Amino acid sequence: MAIPIESSPPPGWEREGIDGLLGLFPPGRLSEIVGPRSSGASSLLLALIARITTSRSGEGGGQVAFVDGMDALDPTSSAAAGADLSALLWVRCGGRLRVALSAADLLARCPGFALVVLDLDDLGPVPASAAIRLQRAVEGSDTILIVRSERHREGSPASLVLATRRLGPQWMGLRQLTRLAGLRSEVSISRSRLHALSPLGRGQEEESWTLDWTLNQ
Amino acid sequence: MTRIACLLLTNAPELPGALLQVALAHSPRVEEADAGCVYLDASGLQGLFGDEPHLAERLRDAAAAAGLAIRVGVAASRTGALAAARLGSGVTVVEPGGDAAALATAPLSLLALSEDLATRLARWGLCTLGELAALPTAGLFERAGAEGVRVQRLARGEDPRPLASWRPAPAFEESVECEWGLETLEPVVERLGELAARVCGRLGARGLAADGFEWVCRLAAGRAHEGALTPAVPLTEPAAVTGLLRLALEARPPRGIVLGLTLRVRPVRMAPAQESLTDPSRPSPRFLAATMNRLVALVGADRIGAPALLDSHRPDAVGLGTYAPPSPLGGEGRERDEVMRGGVVRGGVMRGGVVRGDANPILALRRLRPPAPAAVTLASGRPVAVRSSRLAGRIVAGVGPWRSSGDWWTAHPWLQDEWDVELADGTLCRLAHDGSAWHLAGIYD
Numbered sequence: 675m676a677i678p679i680e681s682s683p684p685p686g687w688e689r690e691g692i693d694g695l696l697g698l699f700p701p702g703r704l705s706e707i708v709g710p711r712s713s714g715a716s717s718l719l720l721a722l723i724a725r726i727t728t729s730r731s732g733e734g735g736g737q738v739a740f741v742d743g744m745d746a747l748d749p750t751s752s753a754a755a756g757a758d759l760s761a762l763l764w765v766r767c768g769g770r771l772r773v774a775l776s777a778a779d780l781l782a783r784c785p786g787f788a789l790v791v792l793d794l795d796d797l798g799p800v801p802a803s804a805a806i807r808l809q810r811a812v813e814g815s816d817t818i819l820i821v822r823s824e825r826h827r828e829g830s831p832a833s834l835v836l837a838t839r840r841l842g843p844q845w846m847g848l849r850q851l852t853r854l855a856g857l858r859s860e861v862s863i864s865r866s867r868l869h870a871l872s873p874l875g876r877g878q879e880e881e882s883w884t885l886d887w888t889l890n891q
Numbered sequence: 009m010t011r012i013a014c015l016l017l018t019n020a021p022e023l024p025g026a027l028l029q030v031a032l033a034h035s036p037r038v039e040e041a042d043a044g045c046v047y048l049d050a051s052g053l054q055g056l057f058g059d060e061p062h063l064a065e066r067l068r069d070a071a072a073a074a075g076l077a078i079r080v081g082v083a084a085s086r087t088g089a090l091a092a093a094r095l096g097s098g099v100t101v102v103e104p105g106g107d108a109a110a111l112a113t114a115p116l117s118l119l120a121l122s123e124d125l126a127t128r129l130a131r132w133g134l135c136t137l138g139e140l141a142a143l144p145t146a147g148l149f150e151r152a153g154a155e156g157v158r159v160q161r162l163a164r165g166e167d168p169r170p171l172a173s174w175r176p177a178p179a180f181e182e183s184v185e186c187e188w189g190l191e192t193l194e195p196v197v198e199r200l201g202e203l204a205a206r207v208c209g210r211l212g213a214r215g216l217a218a219d220g221f222e223w224v225c226r227l228a229a230g231r232a233h234e235g236a237l238t239p240a241v242p243l244t245e246p247a248a249v250t251g252l253l254r255l256a257l258e259a260r261p262p263r264g265i266v267l268g269l270t271l272r273v274r275p276v277r278m279a280p281a282q283e284s285l286t287d288p289s290r291p292s293p294r295f296l297a298a299t300m301n302r303l304v305a306l307v308g309a310d311r312i313g314a315p316a317l318l319d320s321h322r323p324d325a326v327g328l329g330t331y332a333p334p335s336p337l338g339g340e341g342r343e344r345d346e347v348m349r350g351g352v353v354r355g356g357v358m359r360g361g362v363v364r365g366d367a368n369p370i371l372a373l374r375r376l377r378p379p380a381p382a383a384v385t386l387a388s389g390r391p392v393a394v395r396s397s398r399l400a401g402r403i404v405a406g407v408g409p410w411r412s413s414g415d416w417w418t419a420h421p422w423l424q425d426e427w428d429v430e431l432a433d434g435t436l437c438r439l440a441h442d443g444s445a446w447h448l449a450g451i452y453d
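Residue numbers (this note's numbering), protein chains in the order written: chain A, 675 to 891; chain B, 9 to 453.
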């Protein structure tokens, strides 16, 4: 069975593990990553940014716009995750929700970005009207639009909603803790409006992923 | 019959532009030679300026009026005119057919000889152009090749190459007078848009693009409102230019009734390029320029750019550099773009330049900017509880302190102890103590 274009990962991506997960985000649609603090949602975003900005060898990967609602992006973590910082447009909104929504709307309408991220964190879920506007802005383009927030709002037009859940931190040290090694979290598909979601090619029954995020010291 | 005049500056050789303007005022065909030397076609000018001595004196007087002291030579060839100007006194006219005789005593250095040929002629004992002109052409060709024959023809006053005409750079400027005066911003932008369309049309006809815009609004009461902007990328689309002008004028509108408008652009040549079919798509320069300007108006110029790591171990040592997606022009074009856009990281030096590597499942830290003050309860020197505006709770596990310090050799040293802690609700966060107070530096996510 042919894999629909809208859900097939770019050439060169692995179809298993985190690559399969990152390949789920459909271009031209609004997606959401929701999860509480320390659930791995931001780490998932960084992994996606790293994959997109370095997805092609030679001339470089795609361009990413990051609308940072709370000025929370840590470029050191981004670089450690492998992201090409020169391909990342960072828009710092200083905790202003309306500014962040307007910036995301502008960037979603600018053709050429492979990924536009609206990171709201605890600024709250996107108002329904703004979410519909964002969905319309990105429709028909090749841009992946992702909103990251703590909670999912009912009535959102998001085509894909991934929920992250904290499974627990990983510490180093036997009798006494010596170092924080990372975090184990689970990512599950909370909602999908795509017809054939999984590009895994080995069945579409997998709906959750357990991921180990390593702390870069 | 070709007649050429040579204008040779004897002072201020750094002002060739003024000399070119003097020459262009007398002849339509002007060639810029070395610094301080200009040739002009003096053929057929008798009807306008009289005979050649009169023309030469007129040229000298016009240059003097422009503050330039020159010597003028007129001959049938460039070499003859140059020799007449350089060796003569003031104004020298070589009669038709007399170039060879006039050049006979001129030194070889009058010609721009290659080092190899100059060495060869010096070894032969030649010092003057007359001696070079007297050599047998066939023998000279055997020994010095075509270059030897070419310079011998110059030495004989034969100059087959026509003048390479110089033209002043076109001024891309448009103006409009507003008879009734414009009181609101919208008609001003509309008129500027019309000017932009005309200028962009002229630019496009020459394969140029606009790299900078300057406008002057002539206001009532004799005042003027001036402004300028530099787009992120050179533009030729009137709609994009009008959009930028609108944003700039909205940010700083003219204070008064506008009676006239002038728009000037700075042209740059754009090499045509085609995007690769295999490269990932990039934002169109036109759309990106417009979007960036709107974003700057929305969040401020200091809050948008490409993140850059600064060359410091200070926590959260990051800056914002210029966001410049790769140009389809390749390496050379990309360097040009970097120069054009500045390519400088604001606030420090970028560490490592482009950071690129394999994607790793790295645990992300969400920074709190500025770090949130926190009240931390200690037990045996270890934090056991934290309370801040963002979170509060009992600490169930933690490691630290990770100590770092720096800039102790400056007036602003810093010191920080960091703890990675897990709260009872499962939140992983980073606490920091700067020697005087606790802060919540970030939350792992």
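Heads up, the beta-carbon is just placed ideally off N, CA and C, and yes, glycines get one too.
Just so we're clear, the structure is a prediction, and the values are computed from it rather than from any experiment.
Under 7 Å by beta carbon: chain A residues contacting residue i
i, result
"B/Asp-167", "Ordered by position in chain A, no residue passes the 7 Å Cβ test against B/Asp-167, which lies about 51 Å from the chain."
"B/Leu-373", "Asp-748 and Ser-751"
Residue i, DSSP secondary structure in three states
i, result
"B/Cys-208", "helix"
"B/Glu-166", "coil"
"B/Gly-106", "coil"
"B/Arg-354", "Low confidence applies to B/Arg-354: its pLDDT is 37, below 50, so where it sits in the model is not reliable enough to give any reading."
"A/Glu-680", "With a pLDDT of only 46 at A/Glu-680, under 50, the local geometry of the prediction cannot be trusted, and the value read off the model is given with reservation. Residue state, collapsed to three classes: helix."
"A/Arg-770", "coil"
"A/Pro-701", "coil"
"A/Ser-882", "strand"
"A/Glu-828", "coil"
"B/His-447", "strand"
"B/Pro-239", "coil"
"A/Val-800", "coil"
"B/Met-278", "coil"
"B/Thr-127", "helix"
"B/Ala-325", "coil"
"B/Leu-119", "coil"
"B/Met-300", "helix"
"B/Gly-268", "strand"
Host alpha helix (DSSP H) of residue i (start-end)
i, result
"B/Ala-332", "First-last for B/Ala-332: undefined, no H or E at that position."
"A/Ala-855", "Per DSSP, A/Ala-855 belongs to no alpha helix (DSSP H); it is in the beta strand (DSSP E), 853–866."
"B/Arg-66", "60–73"
"A/Gln-850", "Counting along the chain, A/Gln-850 falls outside any alpha helix (DSSP H), and DSSP gives it neither H nor E."
"A/Pro-717", "Note that residue 717 of chain A corresponds to Ser in the displayed sequence, not to Pro. Counting along the chain, the alpha helix (DSSP H) containing A/Ser-717 begins and ends at 715–727."
Contacts of residue i in chain B (Cβ-Cβ under 7 Å)
i, result
"A/Gln-809", "Chain B residues near A/Gln-809: none, gap ~19 Å exceeds 7 Å."
"A/Arg-840", "Gly-434"
"A/Leu-889", "Leu-371"
"A/Ser-716", "Ala-372, Arg-374 and Asp-453"
Contacts that residue i makes with chain A (C-beta to C-beta distance below 8 Å)
i, result
"B/Ile-78", "Within chain A, no residue comes near B/Ile-78; the closest Cβ sits about 53 Å away, beyond 8 Å."
"B/Gly-414", "In chain order: nothing, as chain A lies at least about 15 Å away."
"B/Pro-315", "Leu-747, Pro-749, Ser-752, Leu-759, Leu-762 and Trp-764"
Boundaries of the beta strand (DSSP E) in which residue i is found, first to last residue
i, result
"B/Gln-424", "422–431"
"B/Gly-401", "400–414"
"B/Pro-291", "Where B/Pro-291 is concerned, there is no enclosing beta strand (DSSP E), given that its DSSP letter is neither H nor E."
"A/Ser-760", "Segment: none, A/Ser-760 is in no beta strand (DSSP E) and carries neither H nor E."
"B/Ser-183", "181–190"
"B/Glu-139", "Per DSSP, B/Glu-139 belongs to no beta strand (DSSP E); it is in the alpha helix (DSSP H), 137–141."
Strand pairing of residue i, partner residues [DSSP]
i, result
"B/Thr-385", "B/Ala-393"
"A/Phe-787", "A/Gln-737"
"B/Ile-12", "B/Asp-49 and B/Ala-83"
"B/Gly-25", "According to DSSP, which records beta bridges pairwise, B/Gly-25 is partnered with nothing at all."
"B/Arg-438", "B/Asp-428 and B/Gly-450"
heavy atom of the ligand FAD below 7 Å from residue i C-beta
i, result
"B/Met-278", "Here there are no bound small molecules, and the ligand FAD is not part of this structure."
Beta-carbon neighbours of residue i, restricted to chain B and to distances below 8 Å
i, result
"A/Pro-785", "Ser-289, Pro-291, Ser-292 and Phe-295"
Chain A contact residues for residue i, given Cβ-Cβ distances below 9 Å
i, result
"B/Ala-405", "Pro-843, Trp-845, Leu-851 and Leu-854"
"B/Pro-409", "Simply none; closest approach about 12 Å."
"B/Leu-328", "Trp-764 and Arg-766"
Proximal chain B residues relative to residue i, where beta-carbon distance stays under 9 Å
i, result
"A/Ala-837", "Within chain B, no residue comes near A/Ala-837; the closest Cβ sits about 14 Å away, beyond 9 Å."
Near-chain A residues of the region 238–268 of chain B (beta-carbon distance less than 7 Å), N- to C-terminal order: none
Members of the region 376–400 of chain B that neighbour chain A once the beta carbon cut-off is set at 8 Å: Leu-376, Arg-377 and Leu-399
Residues, ordered as in the chain, of the region 844–869 of chain A that lie near chain B by beta-carbon distance below 7 Å: In summary, the residues of the region 844–869 of chain A whose CB is separated from some CB of chain B by less than 7 Å are Trp-845, Leu-851, Thr-852, Arg-853, Leu-854, Gly-856 and Leu-857, in the order they occur in the chain.
Residues in the region 761–780 of chain A having any Cβ partner in chain B nearer than 8 Å: Ala-761, Leu-762, Leu-763, Trp-764, Val-765, Arg-766, Cys-767, Gly-768, Val-773, Ser-776, Ala-777 and Leu-780
Under 8 Å (Cβ pairs) to chain A, residues found in the region 417–434 of chain B: Asp-428, Glu-430 and Gly-434
Selection of the region 29–47 of chain B by Cβ proximity to chain A, strictly under 9 Å: none
Within 9 Å of chain C by C-beta, residues of the region 701–716 of chain A in sequence order: The chain inventory of the structure shown lacks chain C, comprising the protein chains A and B.
Where the region 299–310 of chain B meets chain A: residues whose CB sits under 7 Å from a CB there: Thr-299, Arg-302, Leu-303, Leu-306 and Val-307
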